[in-house]
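First up is the structure itself, then whatever we jot down about it.
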Amino acid sequence: MKFICLTLLIINGITDSISEQYKVVGPADPVFAVAGEDVILPCSIKPNISVVDMRVEWFRSDLKDSQLVHLYEDHEDRNIEQIQSYRGRTKLNHPELQRGDASLKLSSVRVSDEGLYKCFIQSKSRSDDATVNVSVEVVGRPPVITVDGFDHSGGLHLQCESEGWNPEPDLEWLDSEGVSLSSETTEMHRNTEGFSVKHTITLHHSDDKIHCRVKLRHHMLEALIISNMFHSWRTSVIVISVFVVLSVIAGILIAVFAHKNRGKILVFLFYIFYVNKTV
Ligand SMILES: *[C@@H]1O[C@H](CO)[C@@H](O)[C@H](O)[C@H]1NC(C)=O
Ligand SMILES: *[C@@H]1O[C@H](CO)[C@@H](O)[C@H](O)[C@H]1NC(C)=O
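Going by our numbering, the residue at position 26 of the sequence shown is 22; the numbering climbs one at a time, nothing skipped.
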């Protein structure tokens, strides 16, 4: 009898541990969230048994001090110890817990939400966890192009700047045909608002339109400079040159004329002087 009881106990123990055998699964790739929008941090157990009776804890594994993001225990959410900045922004879908899905919905994403999260699921006899790497994308302000003057060889200096991105965006200059132009200098800074970029370029050929494009994955902002200014500067150089050439020709003609009509020249000069004065 004792032997049978022991056997039954062992068998019971084995079936128990088999039914409790599970793995916590998170996403293989980083999760990209856009600042201001909502995001789901995926987490589930395999096989998909119910986690209703388990403890589900979401915490930040990359932070030192208070780490709790969301806690579900004894069939309810217990968020008294939750990190202040997550207050009211986390939600577990309770009906989904029955299907083994412990994904966390995080609303109004902030830059500070970027980091590593652990989804920790604990039953009476075991526990397992999965890591979720969250990246927060912030679309910065539209780029601004400024004209920074001309160099000695007549090149036009342009500067394009854009602020408030996360992570680092790509900046490129494009000509009117959409061909990429290489930047002369490039700068990247990081502050509390995110990354700011600044590129400069020197143009030696007049081009109708120059675009400055800032891109981050599927987000893109663009600024356009229509180089009318460049044109009018060129035009004025040409006008001045033509004027100088014409003046020289006129001077030579006058000189030749004066040489041939020495007697009449005084009257002519007087005439020019008089007309200029009265006009
Ligand atoms: C568990 O997953 C299987 C296959 O993916 C599915 O058919 C089944 O309905 C799921 N069970 C629950 C409780 O969601
Ligand atoms: C998290 O994802 C980001 C963005 O893809 C990556 O740069 C970073 O190395 C990842 N961190 C870890 C710990 O995997």
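Cβ coordinates follow ideal geometry from the N, Cα and C atoms, glycine included.
query                                                                                                                                                                       : result
From this set, W54, P163 and R209, which residue's C-alpha is nearest Q155's C-alpha?                                                                                       : R209
If you measure from the CB of N112, is any heavy atom of ligand 2 nearer than 8 angstroms?                                                                                  : The sequence given here places Leu at residue 112; Asn does not occur at that position. Indeed, a heavy atom of ligand 2 lies less than 8 angstroms from the Cβ.
Whole angstroms are fine: how far does the CA of S81 sit from the CA of D58?                                                                                                : 15 angstroms
How would you call V128, buried or exposed, if buried means at least 16 neighbouring beta carbons within 10 angstroms?                                                      : buried
Taking the alpha carbon of D125 as the reference point, which residue from H185, A98 and S103 has its own alpha carbon closest?                                             : A98
Would you tell me roughly how many angstroms separate the C-alpha atoms of D70 and T196, rounded to the nearest one?                                                        : 60 angstroms
Kindly indicate which three-state DSSP category Q80 falls into: helix, strand or coil?                                                                                      : helix
What's the call for K205, buried or exposed, on a 16-neighbour Cβ count within 10 Å?                                                                                        : exposed
Given Q94, which residues of its chain have a CB within under 7 angstroms of its CB, disregarding the five upstream and five downstream residues?                           : S46 and V48
What does the alpha-carbon distance come out to for the pair H148 and T142?                                                                                                 : 19 angstroms
Is it buried or exposed for T86, if we count other Cβ within 10 angstroms and need 16 for buried?                                                                           : buried
To the nearest angstrom, how far is the alpha carbon of L67 from that of F28?                                                                                               : 23 angstroms
Within 8 angstroms: the Cβ of N129 and any heavy atom of ligand 2?                                                                                                          : yes
With a threshold of 6 angstroms on Cβ separation, who are the neighbours of H185 within its own chain once the five nearest residues in sequence on each side are excluded? : S192
Give me the DSSP bridge partner(s) of C156.                                                                                                                                 : I141 and H195
Distance, Cα to Cα, G96 vs W161?                                                                                                                                            : 36 angstroms
Taking 8 angstroms as the line, does the beta carbon of P38 fall inside it for any heavy atom of ligand 2?                                                                  : no
Within its chain, find whatever has a CB closer than 8 angstroms to the CB of I79; leave out the 5 residues flanking it on each side and keep chain order.                  : R56, L59, S62, Q63, L64 and V65
Rounded to the nearest angstrom, what separates E180 and K194 at their Cα positions?                                                                                        : 11 angstroms
Please check the pair V130 and L37, which I expect to be a contact at CB under 8 angstroms, by giving their CB distance rounded to whole angstroms.                         : 7 angstroms
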